[in-house]
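Worksheet: the structure to be examined is printed underneath.
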Ligand code: HEM
Ligand SMILES: Nc1ncnc2c1ncn2[C@@H]1O[C@H](COP(=O)(O)OP(=O)(O)OP(=O)(O)O)[C@@H](O)[C@H]1O
Ligand SMILES: Nc1ncnc2c1ncn2[C@@H]1O[C@H](COP(=O)(O)OP(=O)(O)OP(=O)(O)O)[C@@H](O)[C@H]1O
Ligand SMILES: [Mg+2]
Ligand SMILES: [Mg+2]
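Right, here's the structure in full:
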């Protein structure tokens, strides 16, 4: 298990691993928001929490198509399926590695991007907390989507379509936490719900992902 | 030339061609906007033009990685490069086919999505006009990005990173037209500039795309 | 020693600090990778040369 | 550990491919599968490895005993030879990679990224992976593709050593390996298509 | 139209592969390229087709005269056999696909999507494409891969007919086609690597 | 002797080896002198107080951020026209340096903006176009590292650099247009005037001389870094080529 995690992290760091591309995408989408809605900082401040959440979600989404597909193409998944590691652990670890290389950096850079969108001062803490709690769910759900589409050539857009509706509850609660935090309202209730989603999804979805993957490996 | 266009349209229509995926993505992203910034219709109306433009841009972006890559993988591009058709025309036609199958449907569906975001009444006309004038530029610029990354496995995220900064001027003018239109301000100046960008890009960029494609075919 | 920066001390010092750290990082990474690549190339050239000599 | 297959039928892409396959593979034994292109060798081996279910029939002794090597090697181009092997060793819970490196003469390539290997060298690394699994039954699908004669001999030696230690091997191949192995020609087991008229669960 | 190649040197992946290749291919002539794996046959053919530039040397008569067929067939799985051929016919400005269909006995498959063809049938379709190009010089890279003997004979007939009409063909292959063709073994043109010591633009 | 002789990688390595120490020491000296002079021995500005000292980092880095891109543009053109490998590799070597300079300009500007404008960031045209420049650097660097074959990568990144330059200028005008629509933003516009070019006359000699020393130091540092990094890139390419050679022999 540790071996798989370490390998995935190593692969992400090496040239061509795509580490950092998700970050760059997040940065660009954030920059595009003022270009599309206008530069007034009051307006930007209002939509900052939601915009940042949406940007992080899209950055996560776009990195999903490498999550399992590369291992599928070079036969690694076949070999892992015959290894003494249950496929449920494999997908969990893959999701964890995805979170560590994509979700966590997004969480860490989010405050800097908050500055760009003039996020109100109390918002930073809640933005980071909500992303920290919510992005793991994005990775786990995304792994399920990646497992569903792993056998398809250029399935990126289809993957997005399958995964986006599944992201809705996470986005609603996550953005709600960030928004309430930014306006100084009480935000613990949605935060608890968000944590509940993450916990539930992490506990249950890997079984579905593994089942789907087994079908695709046949 | 006509043959290539007709083939591309046919391919897009057949099963697995990906027609409609861009539309669905546009729809979902638009639906996610209220979830992320909150449901107040005054706020939504303010950001509706920009949000719709950004959504259309992302939908365009995500369909780019199939634009040339499928033809590259099965060897069609090699064969086209030795055919009596200059590669400049090939990329132009590919961009046109992409616009017809992705950009144009986005333009047509945009008013419906405007309703979801309570776009003010005068905004519809300008939104459609700006998208109609602007999306061809998105397809042409996107073709350049697709030609740059055609040889890469799973280059989708890199493609986004390269193309998004190139989309900035188009987005700025396009969203500006839609925004001014929605608030009843004069919008012809940015519309002219947008048309200028589309015209310039359509006239010049295919040469760069063809040059880059030639390098990648080596 | 340090001149009186008044109420902007934090601003000035932090921008100097941040810039100098970034510059130092850039130089350090440059030198580190340069050394490593230089050593790698020397080793590879050596190996190929001895092999060429051995094969005649 | 004996692998026993009795009256196995398998399908690929919804069509039955082989039927009535039975054999047993005892410790210390090697079995070579023969048959024309498309007969279903790959499908059979994947079924034995547990990657797909059979239609009917029984497979015994394939739980956690099989090490499978298919057409793709599962190598990561940016990891070095050593890192690649090490990864598989840890996954299978054996820590030792020195024997595998020696058996396929990979010592000079240890720290080379796998992406910088030639096709034959890659295959050698893929085969070395079998040695770090510690599994008794090797299931190999065309293992010698793109190997030159020297490397084929290394492979034969490795298989012989494995059999000597009580392992067994099931190999689908078109070439002569110089192993003292039983042959099983799959040509006789080609599945007959059901009559066209009535279709049930299989729609043919 | 004669294809003349003089003193050609070509490179692949930054390394010189072949050097000093010279030959002429006159009308009505076929030339078969031979050479071990990796010698540079594919690279040479791609250079002649104009897909990559040579390092040095001269190629005459390859402008708009060459029809190239590489390892990949350029078929679209969702288009039918007929639509695929038709597309290429229009691209090359010839409208007629009946001869091509007949030559490779594709009549029964006309309306089958190319994705539902077997590997050999796909290849036949790919070769039929050469006939609709109307180009005089055929440049073919391992055209008979995955063809059975009957299809190889169809191919040989098609080439003979093409030569009879004043065309010419340049074929890289490992097998015997039964054509009355000159052989060119590339083994003798393997590029020698430059000395290790000083390196210029090629870095070797 | 023609300048193009240095386009031979080997010749470039030996020559740059000889001149590099000079650049390292000179640039170090200039930067240290300029910064110490500026930091310790210049008075505070009557309006901006001690924050004016940030100018000794902010302006040179902003300058080099743009100049590095220009240098990459020229090098890309040389590669596309004359196909000298060293110039392609020099462009590659310069990109991370330029990107770092952009970050320094952005960070110092942001820190400066906090007391001056009361905000870390405003979508002022100049700041915005710097951010866009940074995005172009990111894309350029990512494309270089994504492509296996070095010659292909050189060609593609060169074209990207050309096209990117055109779009960077377009963006600059677009951004200018876009932010004029901002009616309530008088404070931002006034603050923007501070960064306007007409300040150069206002920068009195007392600030100007140390600033010049710093600018010279940054230019020299850029040259030293690019020379050194180009050497590294040349060696890395030779390693690739040698490994391919070894594989071919095997
Ligand atoms: C984050 C943001 C900022 C960026 C990206 C930025 C960028 C630049 C650039 C590109 C220049 C041009 C250098 C030249 O034209 O010679 C410049 C100069 C300058 N900036 Fe900034 N700036 C930022 C924030 C600030 C702030 C907040 C202030 C202070 C109030 C400031 C004060 C100046 C001054 C005084 C100059 C010198 C002008 C001259 O020499 O002509 N900048 N900055
Ligand atoms: N993905 C697939 N979908 C549908 N049918 C398939 C698929 N892959 C293989 N087949 C069919 O299944 C049959 C068995 O294939 P299999 O790969 O097992 O053959 P094989 O004996 O391994 O052949 P080879 O010697 O060429 O490797 C073949 O007739 C083939 O056409
Ligand atoms: N993409 C590539 N990058 C680097 N080197 C390559 C690449 N493709 C091929 N080569 C090398 O170039 C040389 C010539 O390859 P080429 O494909 O032309 O050989 P070939 O004669 O067609 O071989 P085959 O008979 O196997 O088709 C080989 O030594 C190969 O290793
Ligand atoms: Mg097989
Ligand atoms: Mg070949």
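Residue numbers (the numbering used here), protein chains in the order written: chain A, -6 to 211; chain B, -6 to 211; chain C, 17 to 72; chain D, 1350 to 1553; chain E, 1350 to 1553; chain F, 577 to 826. In this text, a Cβ means the ideal position worked out from N, Cα and C, and glycines have one as well.
Checklist entry - In chain order, what are the residues with a CB under 6 Å from some non-hydrogen atom of ligand 3? => result 1361(E), 1362(E), 1366(E), 1384(E), 1386(E), 1387(E), 1388(E), 1389(E), 1390(E), 1391(E), 1392(E), 824(F)
Checklist entry - How far does the alpha helix (DSSP H) with residue 173(B) in it reach, from first residue to last? => result 149 to 175
Checklist entry - Residues in its own chain within less than 7 Å of residue 704(F) by CB, not counting five upstream and five downstream? => result 751
Item to check | Contacting positions in the region 28 to 60 of chain A - beta carbon closer than 8 Å to chain D | outcome: none
Checklist entry - Does DSSP put residue 1372(D) in a helix, in a strand, or in coil? => result strand
Item to check | Start and end residues, beta strand (DSSP E) containing residue 1357(D) | outcome: 1352 to 1361
Next on the checklist: For residue 57(A) and residue 139(A), which I take to be in contact (beta-carbon distance under 8 Å), what is that distance rounded to the nearest angstrom?
Outcome noted: 5 Å
Checklist entry - What is the DSSP secondary structure of residue 731(F), reduced to helix, strand or coil? => result helix
Checklist entry - Between residue 96(A) and residue 41(A), which are expected to be in contact by the criterion C-beta below 8 Å, what is the C-beta distance as a whole number of angstroms? => result Residue 96(A) to residue 41(A), Cβ: 19 Å. No contact.
Next on the checklist: Once DSSP output is grouped into helix, strand and coil, what is the label at residue 48(C)?
Outcome noted: helix
Checklist entry - According to DSSP, is residue 1406(D) helix, strand or coil? => result strand
Checklist entry - How would you call residue 661(F), buried or exposed, if buried means at least 16 neighbouring beta carbons within 10 angstroms? => result buried
Checklist entry - From residue 758(F) to residue 813(F), what does the alpha carbon distance come to, in whole angstroms? => result Because residue 758(F) sits at a pLDDT of 36, beneath the cut-off of 50, its placement in the model cannot be relied upon, and the following sentence gives the value as read from the coordinates. If I take the Cα positions, the gap works out to 50 Å.
Next on the checklist: Here's the rule I'm using: 16 or more other beta-carbon atoms within 10 Å means buried, otherwise exposed. How should residue 1554(E) be labelled?
Outcome noted: This structure gives no information on residue 1554(E), because the portion of chain E shown stretches from 1350 to 1553.
Item to check | Touch test, the region 194 to 202 of chain A against the region 1379 to 1389 of chain D, Cβ-Cβ under 8 Å, three pairs minimum | outcome: no
Checklist entry - If you drop the 5 nearest sequence neighbours on each side, which residues of the same chain put their C-beta closer than 8 Å to that of residue 1481(E)? => result 1434, 1437, 1438, 1441, 1443, 1445, 1446, 1449
Checklist entry - Listed from N- to C-terminal order along the chain, which residues in the region 1408 to 1428 of chain D have their beta-carbon within a distance smaller than 9 Å of any beta-carbon of chain A? => result 1413, 1415, 1416, 1417, 1418, 1419, 1420, 1421, 1422, 1423, 1424, 1425, 1426, 1427, 1428
Checklist entry - How close, in whole Å, do the beta carbons of residue 75(A) and residue 1415(D) come, if the pair is a contact with beta carbons under 8 Å? => result 6 Å
Checklist entry - Candidates 1375(D), 1359(D), 1370(D), 1353(D): which alpha carbon is nearest residue 1514(D)'s? => result 1375(D)
Item to check | residue 721(F) burial status per 10 Å Cβ neighbour count (16 or more: buried) | outcome: exposed
Item to check | alpha helix (DSSP H) segment containing residue 117(B), residue limits | outcome: 116 to 141
Checklist entry - On the premise that residue 714(F) lies in contact with residue 733(F), defined as a C-beta separation below 8 Å, what is that separation, rounded to the nearest angstrom? => result So it is not a contact: roughly 13 Å between Cβ atoms.
Next on the checklist: Among 652(F), 788(F), 610(F), whose alpha-carbon lies nearest the alpha-carbon of residue 731(F)?
Outcome noted: 652(F)
Next on the checklist: Quick check on this structure: which residue in 0(A), 117(A), 92(A), 177(A) has the alpha carbon closest to the alpha carbon of residue 1429(D)?
Outcome noted: 0(A)
Checklist entry - Using the rule of at least 16 other Cβ atoms within 10 Å of the residue's Cβ for burial, across every protein chain shown, is residue 60(A) buried or exposed? => result buried
Checklist entry - Taking 8 Å as the CB-CB cut-off, is residue 22(A) touching chain F? => result no
Next on the checklist: Quick check: is the beta carbon of residue 132(A) nearer than 8 Å to any beta carbon in chain B?
Outcome noted: no
Checklist entry - What are the start and end residues of the beta strand (DSSP E) that includes residue 1518(D)? => result 1517 to 1521
Checklist entry - Can you tell me whether DSSP reads residue 113(B) as helix, strand or coil? => result coil
Checklist entry - Which of helix, strand or coil does DSSP assign to residue 699(F)? => result coil
Checklist entry - What does DSSP give as the partner residues of residue 205(B) in its beta bridges? => result DSSP output for residue 205(B) lists no bridge partner at all.
Checklist entry - What is the residue span of the beta strand (DSSP E) that residue 76(B) lies within? => result Per DSSP, residue 76(B) belongs to no beta strand (DSSP E) and is neither H nor E.
Checklist entry - Is the CB-CB distance between residue 60(C) and residue 818(F) below 8 Å? => result yes
Item to check | Backbone secondary structure at residue 1367(E) - three-state DSSP | outcome: strand
Checklist entry - Sorted by chain position, which residues of the same chain lie with C-beta nearer than 6 Å to residue 669(F)'s C-beta, five sequence neighbours on each side aside? => result 802, 805, 806, 809
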